[in-house]
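Residues in the sequence shown are numbered consecutively from 31, following the numbering used here. The beta carbon of each residue, even a glycine, is placed where N, CA and C say it ideally should be. The structure presented is a predicted model; accordingly, all values stated were derived computationally and were not measured.
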Amino acid sequence: MKKKPLVVVTRTLPESVETRMRELFDARLNMDDKPLTAEQLVEAVKIADVLVPTITDRVDAELIAQAGPQLRLIANFGNGVDNIDVGAALAQGITVTNTPGVLTEDTADMTMALILAVARRLPEGAQKLIGAEQWAGWAPTWMLGRRITGKRLGIVGMGRIGQALARRAKSFGLSIHYHNRRHVAPEIEAELEATYWESLDQMLARMDIVSVNCPHTPATYHLLSARRLRLLKRDAILINTARGEIIDEEGLIQMLEARELGGAGLDVFEEEPAIDPRLVKLARNNAVVLLPHMGSATLEGRTEMGEKVIVNIKAFLDGHRAPNRVLPSMV
Ligand code: 8YV
């Protein structure tokens, strides 16, 4: 009987995904769900036919150089592939795939939730007043947040998630503005009644809320630089559910500490999970709302991500073109 291909999965995945993987492949699954150490990752690429990493694995050029010749596919469990040196993989003849589409709606939901959480002071009300039993009673001028209806939302990166966010935001009465490398299709622009800003600087200066929804690539690293952050209105709200590296976090922290920004809602950070303690302090003082990178964290979403990983592995191993190949132009 033909030997099943060895698929090394670095983290624990939803049960139904793991079950299917065991049926189809010789799946080596991480049962204690801790990120693999650097040594374990080297071990994995030396023996695996297929590696399934996640955002917690650094699949860099050094690691890829140590891969055995049998490693033909890196099937990322995730949409963003900034954890992988795709150029190094492709140069070594290794295909890379990702999981686009299935986490779009969940991530857009979380972005909308962060907008509301910051504007309407949800964590402050829920934890600090109810949770800490400090609610002294209702008052007309108490816990006033900001209305989002009628405000301007600027979306940086109008891809799938940006568009899903725009649809939600439009139904909340926000006007939609966006900056992207190029215009989206005219029918989408018309449906969303979205205004395209060629100049990111100009858009930032005029928005009430800005949401970062582009991928992290060398071109978007610190796209929201300290200089650009200073263009934001003093009462603007900044939301990031994409990647921490797209915003100059140091610049953002300084502005928040100096109360030069209305607020921020962050699901992603330059360092994860060891986030900057100044951000935690700002959260305690209600200047920011922080979440632990959970934009796509629904059972349905993570299951569909796993199913997409399987579809890509199967197609590839059956000699077909994997449907979600990452091309050099995408990174
Ligand atoms: C995942 C994400 O949690 O897919 C992405 O790009 O940011 C998240 O939805 C993570 O990347 C899984 O590896």
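For residue i, which residues in the same chain have their Cβ closer than 7 Å to its Cβ, ignoring the five residues on either side in sequence?
{"i": "Arg-88", "result": "Asn-113"}
{"i": "Leu-93", "result": "Leu-71, Val-72 and Val-75"}
{"i": "Phe-202", "result": "Ile-178 and Thr-179"}
Under DSSP, the beta strand (DSSP E) around residue i begins and ends at which residues?
{"i": "Thr-127", "result": "125–127"}
{"i": "Leu-59", "result": "56–59"}
{"i": "Ser-229", "result": "Here Ser-229 belongs to no beta strand (DSSP E), and DSSP marks it neither H nor E."}
{"i": "Val-82", "result": "80–82"}
{"i": "Ser-241", "result": "239–242"}
Please decide whether residue i counts as near chain C, where near means a Cβ-Cβ distance under 8 Å.
{"i": "Glu-163", "result": "Of the protein chains in the structure, only one exists, and it is not chain C."}
Taking the beta carbon of residue i as the centre, do at least 16 other beta carbons fall within 10 Å, making it buried, or is it exposed?
{"i": "Lys-338", "result": "buried"}
{"i": "Asn-128", "result": "buried"}
{"i": "Thr-67", "result": "exposed"}
{"i": "Thr-8", "result": "Residue 8 falls outside the range modelled here, since the chain spans only 31 to 361, and no answer is possible."}
{"i": "Trp-165", "result": "exposed"}
Sorted by chain position, which residues of the same chain lie with C-beta nearer than 6 Å to residue i's C-beta, five sequence neighbours on each side aside?
{"i": "Val-37", "result": "Phe-55, Ala-57 and Val-80"}
{"i": "Asp-278", "result": "His-252, Ser-255 and Ala-256"}
Taking Cβ positions, are residue i and residue j nearer each other than 8 Å?
{"i": "Asp-63", "j": "Thr-42", "result": "yes"}
{"i": "Gly-108", "j": "Thr-84", "result": "yes"}
{"i": "Gly-192", "j": "Asn-243", "result": "yes"}
{"i": "His-209", "j": "Gly-184", "result": "yes"}
{"i": "Val-148", "j": "Gly-293", "result": "yes"}
{"i": "Val-144", "j": "Gly-295", "result": "In the sequence as displayed, the identity of residue 144 is Leu instead of Val. Result yes, Cβ atoms of Leu-144 and Gly-295 sit closer than 8 Å."}
{"i": "Ile-305", "j": "Ala-266", "result": "no"}
{"i": "Asn-316", "j": "Glu-135", "result": "no"}
{"i": "Arg-198", "j": "Met-142", "result": "yes"}
{"i": "Val-361", "j": "Thr-247", "result": "yes"}
{"i": "Leu-195", "j": "Ser-241", "result": "yes"}
{"i": "Leu-291", "j": "Leu-321", "result": "no"}
By how many angstroms is the C-alpha of residue j removed from the C-alpha of residue i?
{"i": "Gly-110", "j": "Thr-49", "result": "25 Å"}
{"i": "Lys-200", "j": "Gln-100", "result": "49 Å"}
{"i": "Ile-343", "j": "Ala-97", "result": "18 Å"}
For residue i, report the span of its alpha helix (DSSP H) as first-last.
{"i": "Leu-43", "result": "Segment: none, Leu-43 is in no alpha helix (DSSP H) and carries neither H nor E."}
{"i": "Leu-286", "result": "279–287"}
Quick one: residues in its chain with C-beta nearer than 8 Å to the C-beta of residue i, no 5 flanking neighbours on either side, listed in chain order?
{"i": "Leu-120", "result": "Val-126 and Pro-358"}
Is residue i near the ligand COA, judged by its Cβ being under 7 Å from some heavy atom?
{"i": "Phe-107", "result": "Among the ligands present in this structure, namely the ligand 8YV, the ligand COA is not found."}
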